[in-house]
Amino acid sequence: MENIYDVMILGAGAAGLTAGIYTSRAKLRTLILNEGVIGGQMVLTNEIANYPGVETTSGYAVATIMKKQAKSFGCEIKSNIKIQTYRLHDEIKSVDLEDGRSFQARSVIVAPGGRPRPLNIPGEDEFKGKGVSYCATCDGEFFTGKDLVVVGGGNSALEEAVALTTYANKVTIVHQFDHFQAFRHAIEEVDKNPKIDFIMESELRGFFGDEKLKKVSIEHLPTGKISEMGIDGTFVFIGYIPGTEDFKGLIALNERKEIIVDADMKTDIPGVFAAGDCIVKRYRQVTTAVADGTIAALSAADYLRNVK
Ligand SMILES: Cc1cc2nc3c(=O)[nH]c(=O)nc-3n(C[C@H](O)[C@H](O)[C@H](O)COP(=O)(O)OP(=O)(O)OC[C@H]3O[C@@H](n4cnc5c(N)ncnc54)[C@H](O)[C@@H]3O)c2cc1C
Numbered sequence: 268m269e270n271i272y273d274v275m276i277l278g279a280g281a282a283g284l285t286a287g288i289y290t291s292r293a294k295l296r297t298l299i300l301n302e303g304v305i306g307g308q309m310v311l312t313n314e315i316a317n318y319p320g321v322e323t324t325s326g327y328a329v330a331t332i333m334k335k336q337a338k339s340f341g342c343e344i345k346s347n348i349k350i351q352t353y354r355l356h357d358e359i360k361s362v363d364l365e366d367g368r369s370f371q372a373r374s375v376i377v378a379p380g381g382r383p384r385p386l387n388i389p390g391e392d393e394f395k396g397k398g399v400s401y402c403a404t405c406d407g408e409f410f411t412g413k414d415l416v417v418v419g420g421g422n423s424a425l426e427e428a429v430a431l432t433t434y435a436n437k438v439t440i441v442h443q444f445d446h447f448q449a450f451r452h453a454i455e456e457v458d459k460n461p462k463i464d465f466i467m468e469s470e471l472r473g474f475f476g477d478e479k480l481k482k483v484s485i486e487h488l489p490t491g492k493i494s495e496m497g498i499d500g501t502f503v504f505i506g507y508i509p510g511t512e513d514f515k516g517l518i519a520l521n522e523r524k525e526i527i528v529d530a531d532m533k534t535d536i537p538g539v540f541a542a543g544d545c546i547v548k549r550y551r552q553v554t555t556a557v558a559d560g561t562i563a564a565l566s567a568a569d570y571l572r573n574v575k
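Those letters in the sequence shown? Residues 268 to 575, per the numbering used here, in order.
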């Protein structure tokens, strides 16, 4: 039984690292397995200005400190791995990695995060963080006094467009249909906002610039006419992809592929918890991921006390 961890955490973003800090500090033998870069989405963020108690810093800096804190309490972290098989329903849970290694634990915290749905058009990757953004709360302030495009026509696109007018000079919403798929109050809010314009029945076709984004091309779908528009920034809100592909058929997900949890971050499998951007939730921030990770860790500790 020596090789069996108390807690195995899948994902080393804000949620997973926080869970690791709590469980290892509680003297639970903890292993974090992470498929990508340690820190997850935080390391994509040049500047984090809304993490309480920390003045403006980089996502990389926050991630580095979280990792150091977790390790200082004895948490083991293995990164850049790929998990091939999950056995989460057994009392002792286990995973097999592609490189042949296997790990076992009495409890698991699933924290694979996710990613905003991209447009998949030319220039999008090149200008990510240089004018193309997916998070108004995170990046809106950087565009104070600037002209922006918001892509999307659902509730989040309209709500975020209104939020962006706090900073922006002008916001143009580009939407593929001739109507918005949003609640009436959200539509009324954008309608009455003097800083917001609309380009309907249209889709973005490309991003252009040099060091920073300078313009976008837009196709008017009924006519096929393509026009160009000078712009300082574009915010894309066309949905979110939770990183739960591996857990389909294993853990209960909702129709948006988010992991269903209760208030204690328990999934439908005893001893398996979930935290962060992968769960059913509306607001995806470092603060909310950290909160989920804390709850999942404390719930896992409670579960282990009762089964031991
Ligand atoms: C560009 C950008 C800017 C942002 N700016 C801010 C900001 O300023 N302020 C703010 O509060 N929030 C910001 N956010 C949101 C914030 O970063 C996220 O909400 C938060 O970091 C999510 O943390 P997480 O741990 O749930 O997931 P993630 O950060 O996505 O981490 C999950 C980790 O798990 C790994 N993984 C995936 N699948 C598996 C698996 N099966 N097994 C093991 N590992 C796996 C991933 O590779 C990743 O490393 C921003 C997001 C983006 C994209």
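We treat Cβ as the ideally placed atom computed from N, Cα and C, and that holds for glycine. This structure is a prediction, so every number in the text was calculated from the model and none was measured.
Item: Continuous alpha helix (DSSP H) stretch holding M333: start and end; Value: G326 to S339
Item: Inside the segment 383 to 465 only - beta strand (DSSP E) runs reaching at least 3 residues; Value: 414 to 418 and 437 to 441
Item: Minimum Cβ-Cβ distance from E408 to chain B less than 7 Å; Value: No chain B appears in the structure shown, which is made up of a single protein chain.
Item: Length of the line joining the Cα atoms of V377 and T554; Value: 17 Å
Item: Cutoff 7 Å; reference L565; Cβ partners in own chain excluding five residues on either side; Value: Y289
Item: The beta strand (DSSP E) enclosing R241, as first and last residue numbers; Value: Outside the modelled stretch of the chain, which goes from 268 to 575, sits residue 241, for which no answer is possible.
Item: Buried versus exposed, by CB contacts within 10 Å (16 or more), A279; Value: buried
Item: Beta-carbon spacing of D273, R296 below 7 Å; Value: yes
Item: Whether I388 touches G473 by CB criterion (7 Å); Value: yes
Item: Beta strand (DSSP E) segment containing Y272, residue limits; Value: I271 to L277
Item: Burial state of R368 (16 or more Cβ within 10 Å); Value: exposed
Item: Residues that I315 bridges to, as DSSP identifies them; Value: T324
Item: N-terminal and C-terminal residue of the alpha helix (DSSP H) that G506 is part of; Value: Note, G506: premise wrong, no alpha helix (DSSP H); not H, not E.
Item: 8 Å CB neighbourhood of M268 in its chain, flanking five on each side removed; Value: Here the model assigns M268 a pLDDT of 43, short of 50, so the residue's position is not dependable, and the following value carries that caveat. Contacts found: none.
Item: Backbone CA spacing between T323 and I315 [nearest angstrom]; Value: 6 Å
Item: Per-residue DSSP class, three states only, for S346; Value: coil
Item: Check: E302 C-beta below 6 Å from any heavy atom of ligand 1; Value: yes
Item: Inter-residue spacing [alpha-carbon to alpha-carbon] between I536 and Q371; Value: 16 Å
Item: Distance, V399 Cα to D504 Cα; Value: In the sequence under discussion, the amino acid at residue 504 is Phe, which differs from the Asp named in the question. Each residue's Cα considered, the two are about 11 Å apart.
Item: Distance cut-off 6 Å: P509 Cβ against heavy atoms of ligand 1; Value: no
Item: Same chain only: Cβ atoms within 8 Å of P319, ignoring 5 sequence neighbours per side; Value: T554
Item: Contact belief for E470 with P489 at Cβ below 8 Å, rounded distance in angstroms; Value: E470 to P489, Cβ: 12 Å. No contact.
Item: Residues of its chain near A567, where Cβ-Cβ distance is below 7 Å and the 5 sequence neighbours each way are ignored; Value: V274, T290, S374, I376 and F540
Item: C342 beta carbon near ligand 1 (any heavy atom closer than 6 Å); Value: no
Item: Length of the line joining the Cα atoms of I527 and Y550; Value: 15 Å
Item: Cβ-based neighbour list, K397, same chain, cut-off 8 Å, excluding 5 preceding and 5 following; Value: G476, E478, K479 and L480
Item: Candidates Y434, H442, A430 and A428: closest to G419 by CA position; Value: H442
Item: Enclosing beta strand (DSSP E) for I527 [first to last residue]; Value: Note, I527: premise wrong, no beta strand (DSSP E); not H, not E.
Item: Cβ shell of G421 (< 6 Å), same chain only, five flanking positions each side left out; Value: Q448 and A449
Item: Span of the beta strand (DSSP E), counted from its first residue to its last, around R472; Value: S469 to G476
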